[in-house]
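Undergrad:
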Amino acid sequence: RLLQMYNALQKRYDKEIKTNKEQSETISKLTVNIHELELQLVTSKQRIQQVEHEHTAMRRNRRTLASHKHRSGGGKGCSPDCIHIELLFEIERLQKEKDKLTKERRGLKNELFGLDKGFFEEIEDLKYALQESAKLNNEYEKCLRKICEKYGLAFPQVGPALQVRR
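The numbering used here numbers the first residue of the sequence shown as 868 and each following residue consecutively.
Right, here's the structure in full:
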């Protein structure tokens, strides 16, 4: 009867260790995924700000160039129409890049918001369950050690104990 209890306790202990490892891996993967998405979002925001800044600088340069040409009576070597066309192409290129980055940012934001509303709560619940499971495993281990000592059985050596981050 004691041997049956010992075996049942050992099975529960092994099962809890396996569950702890699976939950730890899941939490790690989800945390990495969240960090990657947040990093992509920040990068996209920075790129959009950079493009908007370039666009503003181009406008300022265009105004300065236009007012300078007005004062000096036109540019040397290139007609005002030529410069105007070049600036329009540059503005169009920057606008396309801004639109592309805005779309990418929206997509990343939607992906982040597309996560289940309870996603982060679920992760916290998993972390809590993992901590509780680790505590239970420690209790199982203590109990198993006592039983082994009491009846002269060898305590089974399992891999290193799972450390739970808090």
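Built from N, CA and C at the ideal position, the CB exists for glycine as well.
Grouping DSSP H, G and I as helix and E and B as strand, with all else coil, what is S946?
TA: If DSSP states are grouped into helix, strand and coil, S946 belongs with coil.
Undergrad: What is the DSSP secondary structure of L815, counted as helix, strand or coil?
TA: Only positions 868 to 1033 of the chain appear in this structure, which leaves residue 815 out of reach.
Undergrad: If I884 and N1004 are in contact, beta carbons under 8 Å, what's the gap, nearest whole angstrom?
TA: At roughly 6 Å, the Cβ-Cβ gap stays under 8 Å, so I884 and N1004 are in contact.
Undergrad: When the distance is taken between beta carbons, is Y995 closer than 8 Å to R879?
TA: Result no, Cβ atoms of R879 and Y995 do not sit closer than 8 Å.
Undergrad: Using three-state DSSP, classify D983 as helix, strand or coil.
TA: Reduced to three states, the DSSP call for D983 is coil.
Undergrad: Going by the beta-carbon positions, is the gap between L908 and L979 smaller than 8 Å?
TA: Contact flag set, yes.
Undergrad: For T898 and R926, I'd like the C-alpha separation in whole angstroms.
TA: In a straight line, the C-alpha of T898 is about 42 Å away from that of R926.
Undergrad: Classify A1036 as helix, strand or coil using the three-state DSSP reduction.
TA: The chain is shown from 868 up to 1033; residue 1036 falls before or after that span and cannot be answered.
Undergrad: Please state the DSSP three-state secondary structure of L1020.
TA: If DSSP states are grouped into helix, strand and coil, L1020 belongs with coil.
Undergrad: Please work out which residues of its chain come closer than 7 Å, Cβ to Cβ, to N887, disregarding the five sequence neighbours upstream and downstream, and give them in chain order.
TA: Taken in chain order, the residues that qualify are L997, S1000, A1001, N1004 and L1029.
Undergrad: With a threshold of 6 Å on Cβ separation, who are the neighbours of Q890 within its own chain once the five nearest residues in sequence on each side are excluded?
TA: Closer than 6 Å at the Cβ level, and outside the excluded window around Q890, lie L993 and L997.
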